[in-house]
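Peer 1: No gaps in the numbering here: position 28 of the sequence shown is 28 in full-length UniProt numbering, and each next residue is one more.
Glycine is no exception: its CB is placed at the ideal position from the N, C-alpha and C atoms.
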Amino acid sequence: MSETYVFDAEPLIAYCYDEPGADRVESLLTAIYDGDATGLLSEVTATEITYKIAWLEADDRPTDADLDIGQTQLKDIVDGGCRLESTTDTGETAARVKAGGGISLGDAFAVALADATDATLVVGADDDFDELPISIRIERIRERSA
Numbered sequence: 001m002s003e004t005y006v007f008d009a010e011p012l013i014a015y016c017y018d019e020p021g022a023d024r025v026e027s028l029l030t031a032i033y034d035g036d037a038t039g040l041l042s043e044v045t046a047t048e049i050t051y052k053i054a055w056l057e058a059d060d061r062p063t064d065a066d067l068d069i070g071q072t073q074l075k076d077i078v079d080g081g082c083r084l085e086s087t088t089d090t091g092e093t094a095a096r097v098k099a100g101g102g103i104s105l106g107d108a109f110a111v112a113l114a115d116a117t118d119a120t121l122v123v124g125a126d127d128d129f130d131e132l133p134i135s136i137r138i139e140r141i142r143e144r145s146a
């Protein structure tokens with residue numbers, strides 16, 4: 001049986017901008033594309049990827065063109081085999097994780113999706129995942145933020 005991975009936004013942004021850890025993300029995305037693994041993204045994470053890339057592309061405040069770049073990057077990830085997952089079934093768990101404090105709403109939904117699918121959560125250097133109220137497998141692509 002193949003491994004299932006849930007991606008937080010940071011690793012996929014690292015991949016898009018060839019930051020430290022991008023090589024590991026690339027190997028996971030290749031395995032997903034080849035059908036040797038399953039890749040999942042919550043809809044909230046997808047939104048984060050789009051707007052964070054828009055901010056990285058913007059000279060000041062993101063424009064529609066900057067948001068289009070974020071959407072294109074997200075589309076490429078989904079077209080490569082990562083599946084977008086609805087947050088409908090993970091909202092209660094995400095609320096419990098978020099209520100524990102110290103974690104963003106997007107990260108809480110990524111944790112909840114990993115829990116619901118018994119997947120490994122792929123994250124960056126963010127310490128928000130150090131003390132969670134639920135137990136999941138976590139793979140860090142790097143030890144320090146880029």
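Here's a check: name, in chain order, each residue in its chain whose Cβ is nearer than 7 angstroms to the Cβ of residue 44, leaving out the five neighbours to either side.
Peer 2: Same-chain partners within the cutoff: 87, 105, 106, 109.
Peer 1: Under the DSSP definition of a beta bridge, which residues are partnered with residue 3?
Peer 2: 37, per the DSSP bridge assignment.
Peer 1: Quick test of the definition: if touching needs 3 or more C-beta pairs under 8 angstroms, does the region 110–123 touch the region 71–91?
Peer 2: Taking 8 angstroms as the limit for Cβ pairs, the verdict is that the region 71–91 does touch the region 110–123.
Peer 1: Note down, in chain order, each residue of its chain lying with its Cβ closer than 7 angstroms to the Cβ of residue 9, except the 5 sequence neighbours on either side.
Peer 2: Cβ neighbours of residue 9 beyond the five flanking positions: 45, 48, 49, 52, 106.
Peer 1: Judging by CA-CA distance, which residue of 137, 28, 2 is the nearest neighbour of residue 11?
Peer 2: The shortest Cα separation from residue 11 among 137, 28, 2 belongs to 28.
Peer 1: Report the three-state DSSP secondary structure of residue 87 (helix, strand or coil).
Peer 2: Coil, per DSSP.
Peer 1: Beta-carbon separation of residue 13 and residue 56 under 9 angstroms?
Peer 2: Going by C-beta atoms, residue 13 is nearer than 9 angstroms to residue 56.
Peer 1: Determine the burial state of residue 62: buried for a count of at least 16 other Cβ atoms within 10 Å of its Cβ, exposed for fewer.
Peer 2: Buried, because 16 or more other Cβ atoms sit within 10 Å of the Cβ of residue 62.
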